[in-house]
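What follows is one structure encoded as structure tokens, with my remarks underneath.
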Amino acid sequence: TQALAPYATSQNVWLWVVTEGAQAVIQGEPVASAQAPVWGMGGVIAQELPDLHCRRIDLDPTGQSDHVQHILAELSGVDAFEDQVARRGERRLARRLNRSPLSAEALRRPTAFRSEASYLITGGLNGLGLLLAEWMVGRGARHLVLLSRRGSSAEIEPRLQAMRANGAEIVAVAADVADEAQLAGVLADVDRSGRPLAGVFHCAGVLDDGLLQQLSWERYRTVFRPKGDGAWNLHRLTRGRRLDYFVLFSSGGALL
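So for the sequence shown, our numbering puts the first residue at 84; every next one is plus one.
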């Protein structure tokens, strides 16, 4: 992208991002998670560098369609509007954001948490994670493990004490969610507490905004490590557990 950008305004440059099964476009369809971040980057390219005309194509992962023909069809029949297309069999699917009303059952059932269980919040000692912890305590959570690389601080201690005054046990842990060994140690401590882990909320992240044109690989890794590697570690280390919640927070900008 950085190499193509200088030529985008003077020449007719098109950038195509091709994946296979990176998007779940059919109910129950598995996702090739290692490819999925490329779609996220494609959205950034489209917004920051519109002259590159970035187009994303997700090919059928079942092996039941002709990938070459579908790629050629997209390249030769450029659609001025559709920049996110998935091919499944002979179907050409385009991405849409649709309203999905809550079911009557969901509306009747308020969000609640088990008082005897533990809940892990990564990035739980700042910003969004701390707000989430306070919200959960107000809905019955009584054992929260708040994980942060830097641990607690005098600045947020009054908010932790307020949650404790409401009857919650708040454990602040200094650990890196992107370090699998450290995260495994935190989960082992939860197991030893006798309060089973019932939910994981991944709010950890590093803020280092910058345009793609000025982005270095080192800066990219610094931001991606807690969010991407951390999510993968949480998945690997909890996939054998019976959890009520496994929630990954992301930026709404990736969707809207």
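Idealized CB from N, CA, C, for every residue including glycine.
Bear in mind that the values here come from a model prediction, so they are computed numbers and not experimental data.
{"Asked": "Inter-residue Cα distance where the pair is Arg232 and Glu238", "Found": "16 angstroms"}
{"Asked": "Ala264 versus Ala251: straight-line alpha-carbon distance, rounded", "Found": "27 angstroms"}
{"Asked": "Chain-order list of residues whose beta-carbon lies under 8 angstroms from that of Gly210 (same chain, five-residue window excluded)", "Found": "Cys286"}
{"Asked": "Cβ neighbour criterion (16 or more within 10 Å) applied to Glu157", "Found": "buried"}
{"Asked": "Complete alpha helix (DSSP H) runs within the segment 160-230 (minimum length 4 residues, chain order)", "Found": "187-191 and 210-220"}
{"Asked": "Straight-line gap, Val114 to Glu103 (C-alpha atoms, nearest Å)", "Found": "9 angstroms"}
{"Asked": "Rounded Cβ spacing between Val127 and Val100 (contact assumed at less than 8 angstroms)", "Found": "Wrong, their Cβ atoms sit about 11 angstroms apart, outside the cutoff."}
{"Asked": "Residues near Gly234 in its chain [Cβ-Cβ closer than 8 angstroms; skip 5 each side]", "Found": "Leu208, Ala255, Val256 and Ala257"}
{"Asked": "Supposed close pair Asp134, Ala91 - CB separation, criterion 8 angstroms", "Found": "4 angstroms"}
{"Asked": "Opposing strand residues paired with Trp99 [DSSP bridges]", "Found": "Arg138"}
{"Asked": "Pick from Gly172, Gly223, Pro279 and Asp166 that is closest to Val151, judged by C-alpha positions", "Found": "Gly172"}
{"Asked": "Residues that Leu331 bridges to, as DSSP identifies them", "Found": "His285"}
{"Asked": "Cβ contact (3+ pairs, closer than 8 angstroms) linking the segment 134-150 and the segment 181-199", "Found": "no"}
{"Asked": "Chain B contact for Arg179 (CB, 8 angstroms cutoff)", "Found": "The question asks about chain B, but that chain is absent: this structure has only one protein chain."}
{"Asked": "Extent of the continuous beta strand (DSSP E) to which Glu238 belongs", "Found": "Taken as a continuous stretch (DSSP letters only), Glu238 belongs to no beta strand (DSSP E), as it is neither H nor E."}
{"Asked": "Best match in Arg138, Ala200 and Gln106 for proximity to Val96 [C-alpha to C-alpha]", "Found": "Arg138"}
{"Asked": "Opposing strand residues paired with Glu252 [DSSP bridges]", "Found": "His226"}
{"Asked": "Whole-angstrom distance between Gly160 and Leu190, CA atom to CA atom", "Found": "44 angstroms"}
{"Asked": "Spatial neighbours of Asp312 in its chain, beta-carbon cut-off 7 angstroms, leaving aside the 5 residues before and after", "Found": "Ala261"}
{"Asked": "Touch test, the segment 216-229 against the segment 198-206, Cβ-Cβ under 8 angstroms, three pairs minimum", "Found": "yes"}
{"Asked": "Three-state class that DSSP yields for Leu266 in the structure shown", "Found": "helix"}
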